[in-house]
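Step one of this worksheet: look at the structure below.
In the numbering used here, the protein residues as written are 9 to 147.
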């Protein structure tokens with residue numbers, strides 16, 4: 009609610025400052041649960057990823073804010089869930105922007121300039137799904 013409260017405060021102030029004839033109206037269409045990986049499931053899946061891909065290709069990521077409906081699945085189905093990223097950015101582009109301290113300019117999902125490198129991104133995505141499934145099916 010902090011974010012919605014801040015948006016409401018800012019929009020109301022801008023509306024008043026610009027002399028809008030009517031105050032803005034707000035309608036919340038959707039709310040999504042925060043994505044929280046199940047610790048045990050995360051450990052199992054990451055171990056499987058490390059065995060399959062090697063330590064050099066598996067990295068822990070920092071928590072991130074994103075709009076994602078995935079957080080609802082595990083909670084609603086009362087089952088452990090793990091959300092992961094597979095990457096897909098051109099490594100040379102990433103290295104250049106990182107060296108220029110401009111990683112914030114890197115296009116991400118829902119940006120019209122977002123263009124993952126199709127190969128090996130597609131293959132890696134399929135492999136992660138298979139490896140994660142095998143981690144549970146081979147119990």
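Quick reminder that beta carbons are idealized off the backbone N, C-alpha and C, glycines included.
One question on the structure: do residue i and residue j come within less than 9 Å of each other, judged by their Cβ atoms?
i: residue 94; j: residue 133; result: yes
i: residue 123; j: residue 56; result: no
i: residue 90; j: residue 46; result: yes
i: residue 83; j: residue 52; result: no
i: residue 12; j: residue 36; result: yes
i: residue 31; j: residue 24; result: yes
i: residue 92; j: residue 136; result: yes
Could you compute how far the alpha carbon of residue i sits from the alpha carbon of residue j?
i: residue 68; j: residue 59; result: 15 Å
i: residue 19; j: residue 29; result: 14 Å
i: residue 142; j: residue 17; result: 48 Å
i: residue 81; j: residue 96; result: 25 Å
i: residue 121; j: residue 115; result: 6 Å
DSSP on residue i, reduced to helix/strand/coil?
i: residue 11; result: helix
i: residue 29; result: coil
i: residue 41; result: coil
Under a Cβ-count criterion, where at least 16 other Cβ atoms within 10 Å of its own Cβ denotes burial, should residue i be classed as buried or exposed?
i: residue 72; result: exposed
i: residue 14; result: exposed
i: residue 43; result: buried
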